Amino acid sequence: MTKILIAEDNAVNRELLRELLEMRGYTVVEACDGEEALRMIEQTQPDLLLLDIGMPVLDGFAVVRKIRENPRLAPLPVVAVTAYAMQGDREKILHSGFDGYLSKPVNSPSLAEELDRLLTKRTGQDLSQDQASGGQPSGKARAAREG
Ligand code: MN
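So, in structure tokens, the structure goes:
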């Protein structure tokens with residue numbers, strides 16, 4: 019079972035991501051701030067981390083830096099989840115140690131694409147047939163905003 023850690027301080031956004039992931043059959047674990055995210059990586063050994071940029075205690079940039087500095091954690095695929103939609107931010111994020119980038123509100127097809135790309139690379143499995151089960155974002159998805 020593929021396990022995804024969601025690190026996100028906004029409860030609505032966390033719940034939205036959980037729904038989208040569970041709909042696709044992933045096991046979900048959660049963290050509410052950057053420090054908890056690092057602790058949960060150690061404790062639950064996720065296959066991939068969805069990491070909010072704007073979070074208390076440690077922000078997403080600090081968390082991904084600590085992950086890449088730790089040889090034991092470094093191989094973990096990390097996808098930035100952020101409302102920062104201005105030009106240049108994607109570039110900055112992808113040069114900060116993240117493997118991918120999703121802008122809020124996250125929709126199911128984009129999420130599926132990133133997970134398939136990164137988890138396929140990691141496991142060598144072809145998960146593209148799961149693509150068909152991706153649905154349209156719910157009203158809640160469209161309503162969710164950065165916390
Ligand atoms: Mn946030």
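In my numbering, the protein residues as written are 19 to 165.
Cβ atoms here follow ideal geometry from the backbone N, Cα and C, with glycine treated the same way.
All values reported here derive from a predicted model rather than from experimental measurement.
Under DSSP, the alpha helix (DSSP H) around residue i begins and ends at which residues?
i: residue 62; result: 52 to 62
i: residue 107; result: 107 to 112
First and last residue of the beta strand (DSSP E) that includes residue i?
i: residue 38; result: Residue 38 -> not in any beta strand (DSSP E); alpha helix (DSSP H) instead, spanning 29 to 41.
i: residue 119; result: 118 to 121
i: residue 67; result: 66 to 70
Output needed for residue i: all residues of its chain with C-beta closer than 6 Å, excluding positions within five of it in sequence on either side, in chain order.
i: residue 108; result: 119
i: residue 38; result: 126, 129
i: residue 44; result: 20, 22
What residues are listed by DSSP as bridge partners for residue i?
i: residue 49; result: 25
i: residue 91; result: Paired residues: none, contrary to the question.
i: residue 134; result: In the DSSP output, where bridge partners are listed per residue, residue 134 has none listed.
Check residue i in the structure and name its three-state DSSP category.
i: residue 100; result: strand
i: residue 75; result: coil
i: residue 160; result: Its pLDDT being 41, under 50, residue 160 is placed unreliably in this model, and the value from its coordinates should be taken loosely. The answer is helix: DSSP assigns residue 160 an H, G or I state.
i: residue 81; result: helix
Beta-carbon within less than 8 Å of residue i's beta-carbon, same chain only, minus the 5 sequence neighbours each way: which residues are those?
i: residue 32; result: 24, 26, 48, 50
i: residue 52; result: 25, 73, 74, 75, 76, 77, 78, 80, 81
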